[in-house]
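A.B. asks: In UniProt numbering, the protein residues as written are 1 to 232.
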Ligand code: NDP
């Protein structure tokens, strides 16, 4: 039976490569993005996929859109709910005055949305065979790893979503759902910038390997794209 993954923010960057990677491995991909009509590369992948990739409009900041998509998915099984959509948050990144409205928006996209997605799609995940909820966190959200300061909005949003995933691991264990945060590496995307050492394709391939080998014992942890476990 074909496995299914739902990916948010799938029109560019890591999300787009995840779509390509999972489709190449014959998964059914529910590729979500804010503006499907502008998602040229994603549309090209969908067109060539023979129906394996379907595109769905979803702004993760909009709770109503999340709820409506979950309703549309109905009694579908979703093996992996993959929360990828994220934003970098306000500049400047160093200690100093910050736009608190933008900080709150960063929390809304990076922290609240993955939680809302989990609540909305828990039934579809619970009835699948893999039963995984994965959210892209970040090494920058690791409290143990923070020796350089700065990036307050982004770091707090990712540290908080790590805690969300830890909480889901506990709350959904009795439904045998595995919940993890994933660090994708420092990746050459609009967010990661041109200096980043890892290509989106390398990151997606690594994340695919990690997800393919996850077991329930791996739940409630932060995993890197290279398969290593990172400290919270
Ligand atoms: P990009 O900036 O290249 O892509 C971000 C994606 O998120 C885009 O598809 C964007 O869509 C989408 N997005 C943003 N806001 C929303 C929203 N409200 N609703 C739906 N989609 C939205 O970033 P990356 O591909 O690099 O990042 C992907 C994830 O990986 C993020 O969570 C990021 O924090 C994380 N990450 C990235 C690292 C890196 O080095 N690149 C390192 C560690 C973590 P749109 O085109 O509509 O804006």
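The C-beta atom is built at its ideal place from N, Cα and C for all residues, glycine as well.
These figures come from a predicted structure and were not determined experimentally.
Write down the C-beta distance between residue 138 and residue 79 rounded to the nearest angstrom, noting that I regard them as a contact closer than 8 Å.
C.D. replies: The count along the chain shown starts at 1 and reaches residue 138 at position 138. The count along the chain shown starts at 1 and reaches residue 79 at position 79. That pair is no contact at about 24 Å.
A.B. asks: Count the other CB atoms within 10 Å of the CB of residue 95; is the residue buried (16 or more) or exposed (fewer)?
C.D. replies: Translated into the one-based positions of the chain shown, residue 95 becomes position 95. That one is exposed.
A.B. asks: In the DSSP output, what is residue 153 paired with across the bridge?
C.D. replies: As a first step, residue 153 must be located in the chain shown, where it is residue number 153. The partner list for residue 153 (beta bridge, DSSP) is empty, contrary to what the question assumes.
A.B. asks: Under the criterion of a Cβ to heavy atom distance below 6 Å, does residue 156 qualify as lining ligand 1?
C.D. replies: As a working note, residue 156 is residue 156 in the chain shown. No - ligand 1 has no heavy atom lying nearer than 6 Å to the Cβ of residue 156.
A.B. asks: Exposed or buried, what is residue 1 when buried is set at 16 or more other beta-carbons lying within 10 Å of its beta-carbon?
C.D. replies: Within the chain shown, residue 1 is the residue found at index 1, counting from 1. By the 10 Å Cβ count, residue 1 comes out exposed.
A.B. asks: According to DSSP, is residue 77 part of a helix, a strand, or is it coil?
C.D. replies: By 1-based counting over the chain shown, the position of residue 77 is 77. Three-state DSSP puts residue 77 in coil, outside helix and strand.
A.B. asks: My output table needs one value for residue 103: the three-state DSSP class, helix, strand or coil.
C.D. replies: As a first step, residue 103 is located in the chain shown; it is residue number 103 there, counting from the start. Reduced to three states, the DSSP call for residue 103 is helix.
A.B. asks: Assess, as a yes-or-no matter, whether the segment 49-61 is touched by the segment 17-35 under the definition of 3 or more beta carbon pairs within less than 8 Å.
C.D. replies: They touch, by the three-pair rule.
A.B. asks: Name the two residues that bound the continuous beta strand (DSSP E) containing residue 31.
C.D. replies: Numbered from its first residue, the chain shown carries residue 31 at position 31. Per DSSP, residue 31 belongs to the beta strand (DSSP E) from 28-33.
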